[in-house]
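Q: Dropping a structure here in C-alpha cells format, bear with me for questions.
Residue numbers (UniProt numbering): 1 to 153.
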C-alpha cells in the first residue's frame with residue numbers, strides 16, 4: 001500500500017476502487033449478511049442556493065465536501081465502529097471530522113439516500129443527505145477547522 005495511510009493503513013483496502021458494488025435497498029439492509037459486514041457512512045450536507053457562479057451560472061446548492069488525507073475529495077464520514085448503528089457512527093464521524101453540532105444538525109434515518117455493497121471487501125457503504133439553511137452551512141463550514149480530525153483523515 002501507500003506509505004501515507006499511516007494509522008489508517010488497516011483500512012486502506014476499503015479506500016481502493018472496485019467495480020464490484022451492487023445497490024442495496026433500505027429494506028434489504030435488514031438482511032443479516034449486512035449486519036456481519038463492515039459498515040461505512042457518509043453524508044452530503046448542503047444548502048439550497050440561488051447564488052450566481054462567476055456571475056454567469058445559476059447555483060442550485062452549496063455542498064460541503066472535504067479534502068481527504070490521500071488527496072481525494074469526498075463527503076465526510078467513515079467506518080462505523082462495533083456497537084454503533086450506521087446513523088450513530090456517522091454522527092460521531094461528522095463530529096470528529098467537521099466539528100458538526102450533532103445536536104442541532106443530526107443525521108437521522110430519514111436522511112438515508114442509498115447504499116452499496118461490495119462482496120470482495122465485505123463492506124456496505126451507506127450514503128445520507130442532510131439539508132441545512134444557507135446561513136447554517138456557512139457556520140458549519142467555518143467551525144469545521146476546529147474539528148479534532150481536521151486535515152488528518
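Just so you know, even glycine gets a beta-carbon here, dropped at the ideal spot from N, CA and C.
Can residue 44 and residue 129 be called in contact, C-beta distance under 8 angstroms?
A: Counting from one through the chain shown, the residue named residue 44 turns up at place 44. Counting from one through the chain shown, the residue named residue 129 turns up at place 129. Yes. Within cutoff.
Q: Residue 35 lies in the alpha helix (DSSP H); which residues open and close that run?
A: Mapped onto the chain shown, residue 35 falls at position 35. Unbroken alpha helix (DSSP H) run through residue 35: 32-35.
Q: Classify residue 5 as helix, strand or coil using the three-state DSSP reduction.
A: Position 5 of the chain shown, counting from 1, holds the residue named residue 5. Annotation note: pLDDT 49 at residue 5 (below 50); position unreliable, coordinate value reported separately. It is helical.
Q: Rounded to whole angstroms, what's the CA-CA distance from residue 35 to residue 94? Just pull it up for me.
A: Counting from 1 along the chain shown, the entry for residue 35 is found at position 35. Counting from 1 along the chain shown, the entry for residue 94 is found at position 94. When rounded, the distance between both Cα atoms is 22 angstroms.
Q: By alpha-carbon positions, which one of 118, 41 and 32 ends up nearest to residue 111?
A: Here residue 111 is taken as the residue at index 111 of the chain shown, counted from 1. It is 41 whose Cα lies nearest to the Cα of residue 111.
Q: Can you list, in chain order, the residues of its chain whose CB lies under 8 angstroms from that of residue 28, leaving out five sequence neighbours each side?
A: Taking the chain shown and counting its residues from 1, one reaches residue 28 at position 28. Closer than 8 angstroms at Cβ, skipping near neighbours: 34.
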